[in-house]
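With numbering that gives the first Met the number 0 applied, the sequence shown closes on residue 332, and no number is skipped along the way.
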Amino acid sequence: MTYQEAKMPLRRRSIILIAAASVLATTAACGSSAGSAPEAEGSAAETIPLTVGILTSLDVAPAYLAEELGMFDEHGLDVTFEIAEGGAALLPSVVSGQYDIGFSNPVSLAVARGRGMDVTIIAAGSASLNEEPDYSAVLVNGQSTLTSAKELEGKTVAVNTLAGNAYVTTRQSIRAAGGDPDKVNFVELNYPDMVPALAESRVDAAFAVEPFVSLHKDAGNKVLSWPFLDTSPNNVAGVYFAMQQTVEQQPDAVERFTAAISEASKFASENPDEVRAQVSNFTEMDEELTAKVLLPQYPESVNAESIRTQAELAQKDGLVEAPIDVDELIAAN
Numbered sequence: 000m001t002y003q004e005a006k007m008p009l010r011r012r013s014i015i016l017i018a019a020a021s022v023l024a025t026t027a028a029c030g031s032s033a034g035s036a037p038e039a040e041g042s043a044a045e046t047i048p049l050t051v052g053i054l055t056s057l058d059v060a061p062a063y064l065a066e067e068l069g070m071f072d073e074h075g076l077d078v079t080f081e082i083a084e085g086g087a088a089l090l091p092s093v094v095s096g097q098y099d100i101g102f103s104n105p106v107s108l109a110v111a112r113g114r115g116m117d118v119t120i121i122a123a124g125s126a127s128l129n130e131e132p133d134y135s136a137v138l139v140n141g142q143s144t145l146t147s148a149k150e151l152e153g154k155t156v157a158v159n160t161l162a163g164n165a166y167v168t169t170r171q172s173i174r175a176a177g178g179d180p181d182k183v184n185f186v187e188l189n190y191p192d193m194v195p196a197l198a199e200s201r202v203d204a205a206f207a208v209e210p211f212v213s214l215h216k217d218a219g220n221k222v223l224s225w226p227f228l229d230t231s232p233n234n235v236a237g238v239y240f241a242m243q244q245t246v247e248q249q250p251d252a253v254e255r256f257t258a259a260i261s262e263a264s265k266f267a268s269e270n271p272d273e274v275r276a277q278v279s280n281f282t283e284m285d286e287e288l289t290a291k292v293l294l295p296q297y298p299e300s301v302n303a304e305s306i307r308t309q310a311e312l313a314q315k316d317g318l319v320e321a322p323i324d325v326d327e328l329i330a331a332n
């Protein structure tokens with residue numbers, strides 16, 4: 000029997016939209032919610048509650064599928080999603096203990112680790128498609144005369160954050176084309192703001208992921224380079240993370256979550272139509288856009304080599320001073 004056949008009735012959980020300011024202002028008690036479920040002697044372990052900070056993006060589709068199809072329940076987890084607008088808002092919530100688990104990109108986590116935060120990667124999330132077209136790209140205005148990432152020297156490029164994988168992989172894409180990323184002016188813009196910024200020539204190029212790559216193309220913008228493809232094979236885009244303390248003190252909860260996400264990622268990879276059918280439940284994408292966006296890969300295990308590459312680039316690009324011990328960063332390995 001497939002998961003779809005065994006699908007349980009949808010349980011609507013409380014989903015709260017948070018802003019970065021409120022996250023930073025909120026602290027939690029020292030104990031994690033993952034530690035509140037004892038194991039009954041002589042019986043199966045009781046359900047463990049987990050609070051998971053998550054995004055409304057294609058990268059986390061397996062997590063929503065795990066909830067919808069009862070995979071978390073099968074692994075003895077009672078998961079509550081807390082929705083954030085970006086991974087930057089989730090990091091302080093996990094660090095403070097407000098959330099047990101969060102979702103972010105490996106570069107941001109490497110930077111956090113380099114700044115003394117004991118964050119650790121516990122499960123795979125999303126990765127590049129490993130071929131053109133990819134689900135992420137650097138794009139330029141349709142009227143632009145630029146034909147290579149090398150020509151971005153002296154230009155202004157928009158990325159969603161200057162401390163994440165968009166910044167690092169775009170710089171690597173410029174290097175791969177023979178250019179010098181230090182001669183490029185990088186600015187921060189939210190993904191939705193990049194399409195009009197290109198149209199109005201406020202920036203010369205912009206890094207985007209789906210569904211924004213498709214929105215750029217709809218607006219007449221064109222692909223200049225594929226930064227994830229220029230960085231590493233099966234380049235890791237997103238991962239689930241927790242604090243080292245959580246991993247050490249609540250290994251059962253973490254292992255159950257990792258197993259459920261791996262299972263859901265396998266299901267998502269084998270059932271892309273099911274992923275698209277669920278997208279409208281957690282995004283504002285319409286049917287036409289949902290049908291044409293490129294989905295990322297949903298790996299079942301953490302690609303340590305890709306994360307190692309990105310951590311090394313983070314140091315090369317000045318985001319961290321000292322080398323990051325990737326073996327310590329990845330609890331899943």
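Quick reminder that beta carbons are idealized off the backbone N, C-alpha and C, glycines included.
The structure displayed is predicted, hence computed values, not measured ones.
Helix, strand or coil at residue 292 [DSSP, three-state]: Here residue 292 refers to the residue found at position 293 when the sequence shown is read from its first residue. Coil at residue 292, not helix or strand.
Beta-carbon proximity check, residue 223 vs residue 321, cutoff 9 angstroms: As a position in the sequence shown, residue 223 is number 224, starting the count at 1. As a position in the sequence shown, residue 321 is number 322, starting the count at 1. It is not a contact, given that the beta carbons lie outside the stated cut-off.
Close beta carbons around residue 42, own chain, < 7 angstroms, minus the five adjacent residues each side: As a working note, residue 42 is residue 43 in the sequence shown. Annotation note: pLDDT 34 at residue 42 (below 50); position unreliable, coordinate value reported separately. Hits under 7 angstroms: none found.
Burial state of residue 144, where buried means 16 or more other Cβ atoms lie within 10 Å: Here residue 144 refers to the residue found at position 145 of the sequence shown. Residue 144 is exposed by the Cβ-count criterion.
Segment contact flag, the segment 53–65 with the segment 266–284, C-beta cutoff 8 angstroms, min 3 pairs: yes
Distance between residue 156 and residue 196 (C-alpha atoms, nearest Å): In the sequence shown, the residue the question calls residue 196 occupies position 197. In the sequence shown, the residue the question calls residue 156 occupies position 157. Cα-Cα distance, rounded: 10 angstroms.
Where the alpha helix (DSSP H) through residue 280 begins and ends: Residue mapping note: residue 280 aligns to position 281 of the sequence shown, counting from 1. Per DSSP, residue 280 belongs to the alpha helix (DSSP H) from 271–281.
Residue 164, DSSP secondary structure in three states: One-based indexing of the sequence shown puts residue 164 at position 165. Here residue 164 sits in helix by DSSP.
Where the beta strand (DSSP E) through residue 49 begins and ends: Position 50 of the sequence shown holds residue 49. Residue 49 -> beta strand (DSSP E) spans 47–53.
Residue 54 beta carbon less than 9 angstroms from that of residue 252: By 1-based counting over the sequence shown, the position of residue 252 is 253. By 1-based counting over the sequence shown, the position of residue 54 is 55. Not in contact: residue 252 and residue 54 (Cβ atoms no closer than 9 angstroms).
Three or more C-beta pairs below 8 angstroms linking the segment 230–246 and the segment 87–107: yes
Distance between residue 219 and residue 57 (C-alpha atoms, nearest Å): Within the sequence shown, residue 57 is the residue found at index 58, counting from 1. Within the sequence shown, residue 219 is the residue found at index 220, counting from 1. Roughly 23 angstroms between the two C-alpha positions.
Proximal residues to residue 263 (C-beta, below 6 angstroms), its chain only, five neighbours per side dropped: What you label residue 263 is simply residue 264 of the sequence shown in a count that begins at 1. 61, 64, 65, 70.
Anticipated Cβ contact below 8 angstroms, residue 296 with residue 172, distance rounded: Numbered from its first residue, the sequence shown carries residue 296 at position 297. Numbered from its first residue, the sequence shown carries residue 172 at position 173. At roughly 19 angstroms, the Cβ-Cβ gap does not stay under 8 angstroms, so residue 296 and residue 172 are not in contact.
Three-state secondary structure (DSSP) of residue 100: Within the sequence shown, numbered from 1, the residue matching residue 100 stands at position 101. If DSSP states are grouped into helix, strand and coil, residue 100 belongs with the strands.
Sequence-distant residues of its chain with Cβ nearer than 6 angstroms to residue 231 (five each side left out): Counting from 1 along the sequence shown, the entry for residue 231 is found at position 232. If we look at residue 231 and ignore the five residues flanking it on each side, its Cβ neighbours are 305, 308.
Cβ-based burial, residue 330 [other Cβ within 10 Å; buried from 16]: Along the sequence shown, one-based indexing puts residue 330 at 331. Label assigned to residue 330: buried.
Proximity to residue 45 [Cα-Cα], best of 108, 255, 186, 163: Stepping through the sequence shown from its first residue, residue 45 is reached at position 46. The option with the nearest alpha carbon to residue 45 is 255.
Straight-line Cα distance separating residue 98 from residue 51: Counting from one through the sequence shown, the residue named residue 51 turns up at place 52. Counting from one through the sequence shown, the residue named residue 98 turns up at place 99. Approximately 6 angstroms between the Cα atoms of the pair.
Rounded C-alpha distance that separates residue 166 from residue 286: Position 167 of the sequence shown, counted from the start, is the residue given in the question as residue 166. Position 287 of the sequence shown, counted from the start, is the residue given in the question as residue 286. Approximately 31 angstroms, taken between the alpha carbons.
Cβ contact check for the segment 173–180 and the segment 198–209: 3 or more pairs under 8 angstroms: no
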